[in-house]
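The opening position of the sequence shown corresponds to residue 1 in the working numbering, with each subsequent residue numbered one higher.
We put the beta carbon where it would ideally sit given N, CA and C, even for glycine.
Computed from a predicted structure; not experimentally measured.
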Amino acid sequence: MPDDASALEPLIGTWDIEASAPGGEWSGTGRTTFEWLLGHAFVLERSAVDHPDAPDSHAVVAPAAEGHGWTQHYFDSRGVVRLYEMGFDGREWTLLRRTPDFSPLSFHQRYVGTFSEDGGVIDGQWEMSDDGAEWRSDFRLTYRRVR
Numbered sequence: 001m002p003d004d005a006s007a008l009e010p011l012i013g014t015w016d017i018e019a020s021a022p023g024g025e026w027s028g029t030g031r032t033t034f035e036w037l038l039g040h041a042f043v044l045e046r047s048a049v050d051h052p053d054a055p056d057s058h059a060v061v062a063p064a065a066e067g068h069g070w071t072q073h074y075f076d077s078r079g080v081v082r083l084y085e086m087g088f089d090g091r092e093w094t095l096l097r098r099t100p101d102f103s104p105l106s107f108h109q110r111y112v113g114t115f116s117e118d119g120g121v122i123d124g125q126w127e128m129s130d131d132g133a134e135w136r137s138d139f140r141l142t143y144r145r146v147r
């Protein structure tokens with residue numbers, strides 16, 4: 001049986017986001033909203049960012065076909081489409097992409113974000129890997145709850 005989508009309730013709401021590169025070469029802000037879709041069957045994530053090189057995006061989170069965890073179906077303004085394995089245990093949120101999917105970008109990606117004790121901040125890091133074994137920092141991504 002797929003994981004119960006109600007476990008994703010801590011994500012629901014509007015968040016200000018801050019992204020920054022490891023060496024400080026760039027930074028950007030934006031806003032992300034997570035909302036229930038089709039009752040409580042799925043979660044829709046909509047993100048808009050103010051950095052000219054960063055894409056706006058939509059993602060739909062659905063129960064994973066294997067019956068454990070979720071799959072995030074990601075789409076962005078560049079035309080990139082990706083599938084991520086998603087985990088959430090109430091405190092740690094993970095996204096993992098092991099294949100190039102439907103985009104020409106052939107690298108592995110992962111995100112690990114940790115919720116603050118009060119649930120008002122998700123502090124996380126995106127990483128990338130050419131082989132799935134050696135990971136390097138891509139960018140930091142922090143969410144701050146607005147409502």
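Separation of residue 124 and residue 112 (C-alpha to C-alpha, rounded to the nearest whole angstrom) is 5 Å. Between residue 14 and residue 29, the gap from beta carbon to beta carbon reaches 8 Å or more. Beta bridge pairing from DSSP links residue 49 with 30. Taking a C-beta distance under 8 Å as the contact criterion, residue 70 and residue 61 qualify as a contact pair.
Straight-line spacing of the CA atoms in residue 76 and residue 48 works out to 10 Å.
Close CB contacts of residue 140 within its chain, under the 6 Å cut and outside five residues either way in sequence, are with 20 and 125 (chain order). DSSP places residue 106 in no beta strand (DSSP E); its state is neither H nor E. Leaving aside the five residues that flank residue 65 on each side, none in its chain has a CB nearer than 6 Å to its CB.
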